[in-house]
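Just so you know, the sequences run in chain order A and B.
Using the numbering used here, the first residue of the first sequence is number 1, and each one after it goes up by one.
Using the numbering used here, the first residue of the second sequence is number 1001, and each one after it goes up by one.
Contents: one structure, followed by commentary.
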Amino acid sequence: MREIPGDLKFLSSHEWARIEDDGTVTVGISDHAQDLLGDIVFVELPEVGKILSAEGEAAIVESVKAASDVYSPLSGEIIAVNSLLEDNPEIVNESPYEDGWFFKIKPDNLDELADLLDAESYADSCED
Amino acid sequence: MNKTCLHQKHLELKAKMVDFSGWDMPLSYGSQLDEHMAVRSKAGIFDVSHMTVFSLVGNQTEQFLSYVFANDIAKVKNKNKAIYGTILNNDGGILDDLIVYSCNGKYWIVSNCGTKSKNTSWFKKHAIEFSVDVNLMDEFSIIALQGPLAKEHIAKIVEIESASQLTAFGVMDFKGGLIARTGYTGEDGFEFIVPRDVGIEIWNKAIELGIAPIGLAARDSLRLEAGLNLYGNDMDENYHPFESGLGWTIDFSNAERKFIGRAALERIDSKTSKKITGVILKDRGVLRPGYRLQSNSGEGVILSGTFSPILQKSIALARVDSCMNDEAVAIIREKEFSVDLVSSRFLKQDKIMK
């Protein structure tokens, strides 16, 4: 299992959020999630401009084994999606915390970050 | 949880393990897609010892099989051959699909794992009037060697030349068990039904030769690409063989043969029955069991679905109305996606397209 980067915040449903220097937030799924899913063959990304609520459905990831919803850790507007995943969904398996990011949002309210798990609490929640 | 004699080997190979009908089995040893392609391009080795082995003993074993088995056992009588077919209930519903192995007077059956206790009672109940002993061979392991290079590897694994001379569905004796030219992947290959210590030897030799171990996940995508049914998904007691793509395994040719389910099947018009079809999703996505299919000529439901590594598209088996056209839509998360209804032999289509 890869080490969980300490600067990430998590939902217990395995999405991570990273606050970038410009105040935007990048979202993806955890290494643990990609491992549970197995080979990922399809990612359905949201449209740029879409408004999301915290813990609202944002994307869908399909592996050979299962389809899974991806929820947004924060409320805000989608400002970019990782279109590389459309043709190369396996990047999520290979690099879940870097190249395999799903989308970026312009957050409405950074106070919502307080509701997310830090890396250590998330790691604990995976062991339960 | 039940464990096969190779359980420790799977753990050593760092397999992701899964509970499969009460058995702790390897799902994959890494990437399911890589395992799938290894079997299509080279060879792979599978531990399928969770499946059930029966041996039948008695002078009237052939009469017994002629009665409980819907394919005609006479086709393999006095031949060292295996035959695929179903056992039916009195309504013609499928109790299980299985292979009967006939070898030098012996009759063995390999059937599914989830149906073990049901089949045991069914066989024992009907064996009484034929004075046949139905023995569970729990101390046996089943290993499958599958792939285009299986024929090259077999001699090195079992150290006898004659195994590679077996024809399709051919069977031979081997170290207290059997080797058969059978499989569940659509590739050439062999299956070994052997005592545990022989099974471990075979497994170890295959791994030493660099043959990839293959988990149940790839086994499922391989069988689906080959258009082979899975009991519990694509057939069960609620459907008869014509609705399950298995009409070809029902042998009515001997009018004297009164097999269980025959009378019920003879009352059915197979032309108007629902049918099994292959489905290819034109767009991105993955078809899953339970998804509905719709068209202006009928409807249906997905039974098994996966992503085909060979076609690079999602494929599925579906049960649809007999009159359903080739053009339909699948309902995925309340949205319509175009699908093609095709022959379930997806692999052959790949060869045609190339």
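For every residue, glycine included, the Cβ atom is placed at its ideal position computed from N, Cα and C.
All figures in this text were calculated on a predicted structure; none of them were measured in a lab.
By the rule that beta-carbons nearer than 8 Å mark a contact, Gly1278 (chain B) does not touch chain A.
Look at Leu1228 (chain B) here: in three-state DSSP terms it is coil, with no helix or strand label.
Interface annotation, Val70 (chain A): not in contact with chain B, CB-CB separation never under 8 Å. For the stretch 1304 to 1329 of chain B, residues whose beta-carbon sits nearer than 7 Å to a beta-carbon of chain A comprise Thr1306, Phe1307.
Taking one beta carbon from each stretch, the stretch 1312 to 1330 of chain B and the stretch 1037 to 1044 of chain B have fewer than 3 pairs nearer than 8 Å; the two do not touch.
Inside the stretch 1013 to 1091 of chain B, DSSP marks whole alpha helix (DSSP H) runs of 4 or more residues at positions 1032 to 1041, 1061 to 1068, from first to last along the chain.
Taking C-alpha positions only, Ile105 (chain A) is separated from Asp1340 (chain B) by approximately 37 Å.
Note on Ile1128 (chain B): under 16 other CB atoms within 10 angstroms of its CB, so exposed under the neighbour-count rule.
Each of B:Ile1332, B:Met1324, B:Asn1296, B:Gly1285 was checked against the Cα of Lys1313 (chain B), and the nearest Cα belongs to B:Gly1285. If the five residues before and after Ile1315 (chain B) are omitted, its C-beta is found closer than 6 Å to the C-beta atoms of Ile1280, Ser1308, Phe1346, all from its own chain and listed in chain order. DSSP places Leu1098 (chain B) in no alpha helix (DSSP H) but in the uninterrupted beta strand (DSSP E) bounded by 1094 to 1103.
The way I'd put it, the stretch 1054 to 1068 of chain B doesn't touch the stretch 1227 to 1247 of chain B; fewer than three beta-carbon pairs between them come closer than 8 Å. At least 8 Å separates the CB of Lys50 (chain A) from every CB of chain B.
Against chain B, a Cβ distance below 7 Å from Asp39 (chain A) picks out Ser1031, Gln1032, Leu1033. Per DSSP, Trp101 (chain A) lies in no alpha helix (DSSP H) and is assigned neither H nor E. In the DSSP secondary-structure assignment, Asn1135 (chain B) is bridged to B:Ser1055.
Two segments are said to touch when three or more pairs of C-beta atoms, one from each, lie closer than 8 Å; by this definition the stretch 1003 to 1013 of chain B touches the stretch 1196 to 1214 of chain B.
Check the Cα spacing between Pro1213 (chain B) and each of B:Gly1022, B:Asp1047, B:Val1018, B:Met1025: the tightest is with B:Asp1047. The beta carbon of Ser1343 (chain B) does not come within 8 Å of any beta carbon belonging to chain A, so the residue lies off that interface. Of all alpha-carbon atoms in A:Ile29, A:Asp31, A:Val25, A:Asp35, the one lying nearest the alpha-carbon of Ser1031 (chain B) is that of A:Asp35. CA-to-CA, the gap between Ile1154 (chain B) and Arg1196 (chain B) works out to about 18 Å.
Of the candidates B:Val1134, B:Ala1255, B:Lys1335, B:Ala1255 places its Cα closest to the Cα of Glu1266 (chain B).
Taking 8 Å as the CB threshold, Ser1055 (chain B) stays off the interface with chain A.
Taking the CA atoms as reference points, Gly1114 (chain B) sits about 6 Å from Ser1021 (chain B). In the structure shown, Gly76 (chain A) falls within a strand segment according to DSSP collapsed to helix, strand and coil. Trp16 (chain A) is bridged by DSSP to A:Phe10, A:Gly28. Spatial neighbours of Phe1140 (chain B) in its own chain (CB-CB distance under 8 Å, excluding positions within 5 residues in sequence) are listed in chain order as Ser1049, Val1053, Gly1177, Ile1193, Val1194, Pro1195, Arg1196, Gly1199.
According to the DSSP assignment, Val1198 (chain B) belongs to the alpha helix (DSSP H) that extends over 1196 to 1208. With distances taken between CA atoms, Ala1150 (chain B) lies nearest to B:Gly1186 out of B:Val1100, B:Ile1083, B:Gly1186. Interface criterion met: the Cβ of Arg1288 (chain B) is under 8 Å from a Cβ in chain A. Under the Cβ distance rule, Ala67 (chain A) counts among the residues neighbouring chain B, one pair being separated by less than 8 Å.
What Ser1221 (chain B) touches in chain A, judged by beta-carbon distance under 7 Å, is Val64, going in chain order. Closest in C-alpha terms to Val1329 (chain B), from the list B:Gly1300, B:Ser1304, B:Thr1306, comes B:Gly1300.
For Gly1285 (chain B), the chain A residues whose Cβ falls inside 7 Å of its Cβ are Phe42, Glu62, in order along the chain. One thing to note: Ile1157 (chain B) has its Cβ no nearer than 8 Å to the Cβ of Leu1166 (chain B). Secondary-structure assignment with DSSP links Val1110 (chain B) through a beta bridge to B:Val1053, B:Ile1099.
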